[in-house]
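Input: a single structure, listed below in structure tokens.
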Amino acid sequence: MNSDSLTLSEQKELIKSNEISAADLAAACYRQIERLNPTLNAFITVIPQGTEEAANNHHAPLLQGIPVAVKDLYNTKGIRTTGGTKFFADYVPSEDAFVVEKIKNAGAKIIGKTNTHEIALGVTNNNPHFGACLNPWDTTRIPGGSSGGSAVAVATGMALAAIGTDTGGSIRIPAALCGVVGLKPTYGRISLRGVLPLSWNLDHAGPITKRVEDAALMLQVMGGYDSEDPASFKTLPGDFSSHMRDSIRDRKVAFAVGSFVEEVTSPDILHAVRKAADVLAEQGAIIEEVNMDFLREGALANSLMTQADGAAFHRERLQEHPDWFGADVRQRLETGAGFTSSEYALARRTQVEVRRRCDLLFEEYDVLILPSTPIAAPVLKGENAVERARLLTRLTAPFNLTGLPAISIPCGFTSEGLPIGLQIVSRAWNESGVLRIGYSYQEATDWHKMKPSILATQ
8 MNSDSLTLSE QKELIKSNEI SAADLAAACY RQIERLNPTL NAFITVIPQG TEEAANNHHA
68 PLLQGIPVAV KDLYNTKGIR TTGGTKFFAD YVPSEDAFVV EKIKNAGAKI IGKTNTHEIA
128 LGVTNNNPHF GACLNPWDTT RIPGGSSGGS AVAVATGMAL AAIGTDTGGS IRIPAALCGV
188 VGLKPTYGRI SLRGVLPLSW NLDHAGPITK RVEDAALMLQ VMGGYDSEDP ASFKTLPGDF
248 SSHMRDSIRD RKVAFAVGSF VEEVTSPDIL HAVRKAADVL AEQGAIIEEV NMDFLREGAL
308 ANSLMTQADG AAFHRERLQE HPDWFGADVR QRLETGAGFT SSEYALARRT QVEVRRRCDL
368 LFEEYDVLIL PSTPIAAPVL KGENAVERAR LLTRLTAPFN LTGLPAISIP CGFTSEGLPI
428 GLQIVSRAWN ESGVLRIGYS YQEATDWHKM KPSILATQ
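Numbers given in my numbering equal positions in the sequence shown, counted from 1, plus 7.
See the structure below:
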């Protein structure tokens, strides 16, 4: 059964009408896992077929029968949760993370735990403990991270949707590099209870999907107030699909320009994003260039806080067994531990200043568009992982610092045939606006329909 052309909602309706079964969907994903996971290493743990669990919900659940992959940072009851690290290689939680419980209650089937850069502190997904995850468009290249396994699983049909985490771009970067959709919602929209922290101040949970409308559906399921998560906000239940198909005529779109965006971004990517702006203009959006060089300080502050917060959370492990960490992760943790309180305080001040600048921007514009990453997927071997993290998070990290909603959607390919991501950002709590622009662009193009080269033999 080929379900590539169907949205999650359409597949759910087919299950409801008994045209297909949930077992059929799961079997199709397991066939892909059996065929591709030995090469791509998207999963750390695969839940054996027939034992995957879905909650008994007879009230037309939103994800009825949908096979979903879960990044191996989320606690899963009775299933090991490694965090991609030696420290938790045999850890089996006694209860589910808040989000895992929610997607189970929505009828989803959890089929496996996806590979991640160790403790989510990196973007290559070259994991020294569980093996490197590879890009399905070119297996000599990285898939991005730290949610690389989740993006690869969705891109190749090993799962119909996946959940990831994003501290400096870890949902949007692998989505861009693997040619799928990755959504980071507003900070506090989705509970992080039961997720291994990297930074209490910057972590976000979110979905990775094939299509924008699927991301909207996943967000509707995953969002919601959690009284046991101190970072969770009380907001009205979101219906992120109802206005997604509205016209974007007269919507004001800021097109990011300036040295911060342009000086290290490849010509192929700059051209693709410019063409994406043209597509939105053809649909009636008002496009205006805006210099976004102030984001430079935001990216630097996010990097400092990520490393310092990670060092704080892992301080005992770093003291007792530093040799258990991979080399690049250990380097970044030790750097984080070395920052002074004054340096951290200045980074927090930058956070307030950049957030204010973004607030002022979105008083005038509905959304901001810019590349998701300045480069396409780099090669796996012979690259400095710490330098790669600095470059690949450059355009995503500022929006973790500000906590603003941002999505990456496919918008073309480089001359080498590697996917390019368009990033769309808006004001806090305006996920609907981000999804509307993303959906409008998606429906005017075919980039989301392209299949990774590893699937060419199917």
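The C-beta atom is built at its ideal place from N, Cα and C for all residues, glycine as well. These numbers come from a predicted model, not from an experiment.
Residues P100, S101, E102, D103 of the same chain have their beta carbon placed closer than 7 Å to that of K84, with the five preceding and five following residues left out of the count.
Of the candidates L411, N48, S24, F95, L411 places its Cα closest to the Cα of R196. Annotation: N142 to I149 spans about 5 Å, alpha carbon to alpha carbon. Annotation: the continuous alpha helix (DSSP H) that includes E327 extends over 322-327. If you draw a 10 Å sphere on the C-beta of N133, you find 16 or more other C-beta atoms in it, and that means buried. In this chain, the alpha helix (DSSP H) harbouring A352 covers 348-371. Assignment of H124 by DSSP, reduced to helix, strand and coil, places it in the coil class. Boundaries of the beta strand (DSSP E) harbouring H211: 211-216, taken from the DSSP string. DSSP, reduced to helix, strand and coil, places A222 within a helical segment of the structure shown. Y81 has V202 as its beta-bridge partners, per DSSP.
Nearest Cα to Q430 within the set E450, T421, F406: F406. Bounds of the beta strand (DSSP E) holding S415 are 413-420. Among the bridge pairs identified by DSSP, V53 is matched with G119. The continuous beta strand (DSSP E) containing Q430 extends over residues 426-432. Ranked by Cα distance from D253, the options F94, H124, A292, N391 are led by A292.
Looking at the DSSP output, A261 shares a beta bridge with E295, L375. Contact annotation, L408 with A263: C-beta distance approximately 16 Å; criterion of less than 8 Å not satisfied. Taking L325 as the centre and dropping the five residues before and after it, the same chain places the C-beta of L340 closer than 6 Å to its C-beta, in chain order. Just so you know, the alpha carbons of G114 and L425 end up roughly 34 Å apart. For Y194, the closest of A413, T342, A29 by C-alpha to C-alpha distance is A413. Between E371 and K191, the beta carbon gap of about 22 Å keeps them out of contact (Cβ cut-off 8 Å). Annotation: the continuous beta strand (DSSP E) that includes T172 extends over 168-173. When secondary structure is reduced to three states using DSSP, K109 falls in the helix class.
In the structure shown, D330 falls within a helical segment according to DSSP collapsed to helix, strand and coil.
Comparing alpha carbon positions, the residue from G151, E108, Q56 closest to E390 is G151.
Between G175 and T89, the beta carbon gap of about 21 Å keeps them out of contact (Cβ cut-off 8 Å). If the five residues before and after S248 are omitted, its C-beta is found closer than 6 Å to the C-beta atoms of A223, all from its own chain and listed in chain order. Taken atom to atom, the span from the alpha-carbon of A261 to that of V441 is near 13 Å.
Looking at the DSSP output, D145 bridges to N142.
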